[in-house]
Amino acid sequence: MQITALAGGVGGARFLRGLLDHLGPTAGHPDPSDPQPSPARLTVIGNTGDDITLYGLRVCPDLDTLMYTLGGVIDEGQGWGRAGESRRLQDELVAYGAQPQWFTLGDLDLATHVVRSQWLGQGLPPSEVTARLAARWGLPDLGVRLLPMSDDPIETHVVVDEGDGPLAMHFQEWWVRLRAAVPAQRFVAVGMDRARPAPGVLEAIAEADVVLLPPSNPVVSIGVILGVPGLREALRATSAPVVGVSPVVNGAPVRGYADACLAALDLPATASAVAGLYADLLDGWLVDEADASAGPWPDQVQVRARPLLMRDRTAAAELAGATLDLARELAPRRPRS
Ligand code: FO1
């Protein structure tokens, strides 16, 4: 079974790790003399709108969170960054007064950004750089192919008004420095109009048996991925069922500030409002048991209620299994174009 998933950072990564736990080990290397592992069973299309250049280095938080989580080296407590991290380099930067100081980069994590920036500087496209980085953490051996949504630079900016009129800032400044406490008026994906899907993205959607929307932020993660020209159309046209998991439980995001992002679209933080954002492409929708009777749901979407909180890896694997069960029930689906 070929699975394709669209994913943001922590919630998406934990769900997908649960999916791999549920699926069990890959067939491994069918031919021991061939260094190539089996073909990917899971293609993850990651959000790159959160990407930022700091100290001259390209940082890709969502791709790295996916890579570190699936590769088993994530800082579990934070949900992002490397386990066993130290901060010596950042302490030096602070001592020099280098800016910004509101974004923490650990020493081990910095190596990823240094090598990524070096390879990008040598002219490799982001999709090739991502594949090289992911290979170090064994993702191909897990049957996982990690793709950026686009090789073109796209950065999410947030327009706020702190009293002096509209001001645009990078998404990370709003999310990390301001903790989304200043209301966002709107989000602008800078570069989106000229962007194309990265190589392999449209094929992974067209050739999938199942497409999953894990519990990621519907506006600044999944919403930004869906904004890449051609991607939404590909999801409407695929014959694979598209099944999503609500990132909102009982009126609050499971993690992060999805409520502040939905408010910028004049939407409440409800599983129903999030489903509405995907209405043109969604076939199945998993909501928490607390939201079982909290529609309305988009026409033709099959809704199932399950415990959605991924308290541990077992819970995440059970949730992923329930998502696949619903997808199997709905396959094959008629394209929605
Ligand atoms: N999130 C924070 O709240 N504070 C940080 O200092 C921070 C640093 C950071 C460094 C690397 C990385 O890959 C992620 C990092 N994150 C940090 C998480 C990230 O900013 C956001 O959670 C995501 O971009 C939203 O999906």
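Residue 21 is where the sequence shown starts when you use the working numbering, and the numbers rise one by one after that.
Quick reminder that beta carbons are idealized off the backbone N, C-alpha and C, glycines included.
Bear in mind the structure is a predicted one, so any value in this text is a computation, not a measurement.
- [ ] Would you please state the rounded distance, in angstroms, between the beta carbons of A293 and V321? I believe it to be under 8 Å.
- [x] In fact, because the Cβ distance is near 13 Å, the residues do not count as touching under 8 Å.
Task: Selection from R108, D95, G76, E338 that minimises the alpha carbon distance to Q119 - done: G76
- [ ] Determine the direct distance from the alpha carbon of D279 to that of R152, and round the result to whole angstroms.
- [x] 35 Å
Open item on the list: With distance defined between alpha-carbon atoms, name the residue in V210, G250, V244, T73 nearest to P219.
Closed with: G250
TODO: May I have the straight-line CA-CA distance separating G158 from R136, to the nearest angstrom?
DONE: Going from the Cα of G158 to the Cα of R136 covers about 17 Å.
- [ ] Output the boundary residues of the alpha helix (DSSP H) element that contains I94.
- [x] Neither: I94 is in no alpha helix (DSSP H) and is coded neither H nor E.
Open item on the list: Please return the same chain residues whose Cβ sits closer than 6 Å to the Cβ of P186, not counting the five positions on each side in sequence.
Closed with: V179
TODO: Tell whether a beta-carbon distance below 7 Å holds between G28 and A336.
DONE: no
- [ ] Quick one: using the 10 Å Cβ neighbour count with 16 as the cut-off for buried, is M21 buried or exposed?
- [x] exposed
- [ ] Return the Cβ separation of L83 and G101 in integer angstroms, given the expectation that the two are a contact with Cβ distance under 8 Å.
- [x] In fact, because the Cβ distance is near 13 Å, the residues do not count as touching under 8 Å.
TODO: Quick one: which unbroken alpha helix (DSSP H) runs of 4-plus residues sit fully inside the segment 245–278? Chain order, please.
DONE: Those alpha helix (DSSP H) runs which fall completely within the segment 245–278 and span 4+ residues are 251–257.
TODO: Determine the direct distance from the alpha carbon of V221 to that of A209, and round the result to whole angstroms.
DONE: 19 Å
Open item on the list: Quick check: P160 and F35, are their CB atoms within less than 7 Å of each other?
Closed with: no
- [ ] Could you have a look at G163 and say whether DSSP puts it in helix, strand or coil?
- [x] G163 falls in the coil class under three-state DSSP.
Task: Which of helix, strand or coil DSSP assigns to S170 - done: strand
Task: Burial state of A312 (16 or more Cβ within 10 Å) - done: exposed
Open item on the list: Would L346 and V274 be called neighbours here (beta carbons separated by less than 7 Å)?
Closed with: no
Open item on the list: Please output, in chain order, the residues near the ligand FO1 using a CB cut-off of less than 5 Å to any non-hydrogen atom of the ligand.
Closed with: G29, D70, P81, D84, W100, F123, T124, V196
Task: Proximity to A25 [Cα-Cα], best of A224, G243, G44 - done: A224
TODO: Going by CA-CA distance only, name the one from I245, A325, T85, Q110 that's closest to A103.
DONE: T85
Task: Complete alpha helix (DSSP H) runs within the segment 109–165 (minimum length 4 residues, chain order) - done: Segments of the alpha helix (DSSP H) lying fully in the segment 109–165: 127–141, 146–156.
- [ ] State yes or no: is the C-beta of G92 within less than 7 Å of the C-beta of E105?
- [x] For G92 and E105, no; Cβs fall outside 7 Å.
Open item on the list: Rounded to the nearest angstrom, what separates E227 and L40 at their Cα positions?
Closed with: 20 Å
TODO: Indicate whether G69 and V202 have their beta-carbon atoms separated by less than 7 Å.
DONE: Contact flag unset, no.
Task: A260, buried or exposed, once every other Cβ within 10 Å from all chains shown has been counted against 16 - done: buried
TODO: Return the bridge partner residues of P186 from the DSSP annotation.
DONE: D181
TODO: Specify, as a first and last residue, the run of the alpha helix (DSSP H) that G341 falls within.
DONE: First-last of the alpha helix (DSSP H) with G341: 333–350.
Open item on the list: Among the candidates P327, L306, A284, whose CA atom is the shortest distance from the CA of L344?
Closed with: L306
Open item on the list: Would L140 and T150 qualify as a contact pair, given that the criterion is a beta-carbon distance under 7 Å?
Closed with: no
- [ ] Compute the Euclidean distance between the alpha carbons of P288 and A115, then round it to the nearest angstrom.
- [x] 43 Å
- [ ] On the DSSP bridge assignment, give the partners of I23 in chain order.
- [x] L62, V230, per the DSSP bridge assignment.
Task: Straight-line Cα distance separating M330 from D286 - done: C-alpha separation (whole angstroms): 28 Å.
- [ ] Quick one: measure Cβ to Cβ for C281 and A188, integer angstroms, because I've assumed they're closer than 8 Å.
- [x] Going by Cβ atoms, the distance from C281 to A188 rounds to 16 Å, so no, they are not a contact pair.
Open item on the list: If the criterion is Cβ atoms closer than 7 Å, does the pair T176 and V231 meet it?
Closed with: The Cβ-Cβ distance between T176 and V231 does not fall below 7 Å.
Task: Q142, buried or exposed, once every other Cβ within 10 Å from all chains shown has been counted against 16 - done: exposed
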